[in-house]
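See structure below.
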Amino acid sequence: MNIQSMAAEGGVPTVAQWAIDHPGALSVFTKYNIDYCCGGHRSLEEACVRVGLDPVMIAAEIRQAAPSAGGQVLRPETWGSALLADFIVQQHHAYVRHAIPELDALTERVCERHGHDTPALIPIREAFLALAEELSAHMEKEELILFPTIKRLEEAEAVPEHQHPIERMLQAPIAAMEDEHEAAGNLIKQIRALSANYTPPEFACATFRITFQRLREFDEDLMRHIHLENNILFERFKRAWV
């Protein structure tokens, strides 16, 4: 299956395809809150209309955007499935597990100190705790069930008669993981809205500002994380079922 063939209805490239073909697109999508992970199946025009943006302007900005400064451009769509699964665990699952306790402590502290003058902090913390619980269970299922099955499938590629049953075994877990990604994305959207897109008030102390910055970083990493799974890793198998 060629991931480069992903397209919306009518052959128009999807948001996911823009993200894959143009490494600098991720920073543009993040800047404008364009959903390229759970909403990656939409055309760029549809995604822009949803957030009130001009798709021509966004496309031009994407073409001019450079990838993240410093370091080599990664092309995960060219990697084997086992390698990609390992990268997701080592890069993104590890980050989530490290960030959750830090953000738990930070959100608790700012709620105690500023919850009375910034009431939105309480539901922000509640949404984050729900997200942390969702992601912790989600990652464990991927690591114990889904990713090992994907690796077994890749190992069995030299034996064609073994591929079809294993591929079919992935349908239910992949659908479940995508549903959980959607739930996580909805919680992130709640946090964005409640925090005015992570904009602290003028009176915010250093801890308050650090908390919002860490939440923004968590959001951005999660979007890249889900993009790798929904639009690259899972898409390989979904297209094989068509």
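Residues are numbered in the working numbering as their position in the sequence shown, beginning at 1, plus a constant of 3.
No residue lacks a Cβ here, since even glycine has one placed at the ideal position from N, Cα and C.
Computed from a predicted structure; not experimentally measured.
How should V3 be labelled, buried or exposed, when 16 other C-beta atoms within 10 angstroms of its C-beta is the threshold for buried?
Given that the chain is displayed from residue 4 to residue 245, the structure contains no residue 3 and the question cannot be resolved.
Are the beta-carbon atoms belonging to K154 and A97 less than 7 angstroms from one another?
no
Given that a residue counts as buried once 16 or more other Cβ atoms are within 10 Å of its Cβ, and exposed if not, what is S139?
exposed
Could you give the distance in angstroms between the alpha-carbon of M172 and the alpha-carbon of R227?
26 angstroms
Just to confirm the assignment: which complete beta strand (DSSP E) runs, minimum length 3, are found wholly within the stretch 53–108?
none
In the DSSP output, which residue or residues are listed as bridge partners for S46?
T17
Can you tell me where the alpha helix (DSSP H) with P122 in it begins and where it stops?
Where P122 is concerned, there is no enclosing alpha helix (DSSP H), given that its DSSP letter is neither H nor E.
Starting from the Cα of R53, find the closest Cα among Y35, A62, Q67 and give me that residue.
Y35
Rounding to the nearest angstrom, what Cα-Cα distance links T33 and S198 in this structure?
16 angstroms
So, at 8 angstroms on beta carbons, what are the nonlocal neighbours of E157 in its own chain, with the 5 sequence-adjacent residues on each side left out?
G83, S84, A85
Three-state secondary structure assigned by DSSP to G27
coil
With burial defined as no fewer than 16 other Cβ atoms inside 10 Å of the residue's Cβ, what is the status of V76: buried or exposed?
exposed
How is D38 classed by DSSP in three states: helix, strand or coil?
coil
Can you grab the Cα-Cα spacing for the pair H117 / L225, in whole Å?
27 angstroms
Can you grab the Cα-Cα spacing for the pair N234 / A22, in whole Å?
9 angstroms
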